[in-house]
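>
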Amino acid sequence: MLGIAHLILGIKIIHQPDSFTLTQSHYINFLLDSYGMSNCKPVATPLIPIIHLEPATELEKKVFQLLKINYQSAIGSLIYLSTTTRLDMSYSISALSQFLENPGIMPWNLFLHVLKYLKGTSKFGLRYQKDLEKPIVAYSDEDWGNCTITGRSTTGYLIKINDNLVILNPCKQPNVSLSSSEA
């Protein structure tokens, strides 16, 4: 017999009598160490709300290449986190993923901002509690034409069972919508 799992795929499982919590604070600390952000000042939000990301200019691309930063790997490490225990970061990671092919200084600075957010929320996780009274609930929302680069809309949905989040999916629509009802 194997016993009760306490760590699986880098996810720590904390057992309580009526629930369990999934966290990755050790992985977050590893990321902070990897990017020299262990002593950074935490911030309250995963993205700066006013900033609209723009494609890097040719000069910015060249400067960023000189820094020899592996942006794709950095974002990949956050994608792993956002699809396992940190669903609160999904929109931020989706926004930063738009620049995987041609990253620049602005997306990199926002990546560092996300790390600062993780610094302050490293103990956050998903708590699943037994409650047979709660129904299955689904929510959806869209942001019509919010991408300043392509004009495409962002759509998202989430599903909760017993008030526990089980699915979260933000995504950019494949086509430009001509109206909010079409989006």
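Terminal number for the sequence shown in the UniProt record's numbering: 183, no gaps in between. Each residue gets a CB set at the ideal place from its N, CA and C atoms; glycine is no exception.
Give me whichever residues DSSP pairs with residue 141 in a beta bridge.
According to DSSP, which records beta bridges pairwise, residue 141 is partnered with 156.
> How long is the line joining the alpha carbons of residue 184 and residue 63, rounded to whole angstroms?
For the chain, the structure presents residues 1 to 183; residue 184 sits outside this window and is missing.
> Comparing C-alpha positions only, which one of 82, 71 and 32 sits nearest to residue 120?
With distances taken between Cα atoms, residue 120 lies closest to 32.
> Kindly list the residues whose CB is nearer than 6 angstroms to the CB of residue 10, restricted to its own chain and excluding five residues on each side of it in sequence; keep chain order.
Once the five neighbours on either side are set aside, the close Cβ partners of residue 10 are 27.
> Kindly confirm or deny that the stretch 134-142 and the stretch 104-112 touch, where touching means at least three C-beta pairs closer than 8 angstroms.
Too few Cβ pairs lie closer than 8 angstroms, so no.
> Between 105, 34, 74 and 164, which lies nearest to residue 188 when the distance is taken from Cα to Cα?
Any answer about residue 188 is impossible in this case: the structure gives the chain only from 1 up to 183.
> Specify the secondary structure class of residue 114 as computed by DSSP and reduced to three states.
If DSSP states are grouped into helix, strand and coil, residue 114 belongs with the helices.
> Three or more C-beta pairs under 8 angstroms: does that hold for the stretch 158-176 against the stretch 122-134?
Result yes; three or more Cβ-Cβ pairs closer than 8 angstroms.
> How would you label residue 82, buried or exposed, when you count the other beta carbons within 10 angstroms and need 16 or more for buried?
Burial call: buried.
> What whole-angstrom Cβ distance do residue 104 and residue 56 have, given they're in contact under 8 angstroms?
About 3 angstroms; that satisfies the 8 angstroms criterion.
> Between which two residues does the alpha helix (DSSP H) harbouring residue 38 extend?
Per DSSP, residue 38 belongs to no alpha helix (DSSP H) and is neither H nor E.
> Following the continuous alpha helix (DSSP H) through residue 19, name the residue where it begins and the one where it ends.
From DSSP, residue 19 is part of no alpha helix (DSSP H) but of the beta strand (DSSP E) over 19-23.
> Whole-angstrom Cβ separation of residue 170 and residue 90, contact assumed at under 8 angstroms?
Going by Cβ atoms, the distance from residue 170 to residue 90 rounds to 5 angstroms, so yes, they are a contact pair.
> Considering only residues of the same chain and omitting the five flanking positions on each side of residue 24, which have a CB-CB separation below 8 angstroms?
Around residue 24: 10, 11, 12, 81, 84, 85, 86 and 125.
> How many angstroms separate the CA atom of residue 67 from the CA atom of residue 39?
Distance between the alpha carbons of residue 67 and residue 39 is about 22 angstroms.
> For the alpha helix (DSSP H) holding residue 11, just list the boundary residues, first then last.
Looking at the DSSP string, residue 11 is not in any alpha helix (DSSP H); the run it does join, the beta strand (DSSP E), is 11-16.
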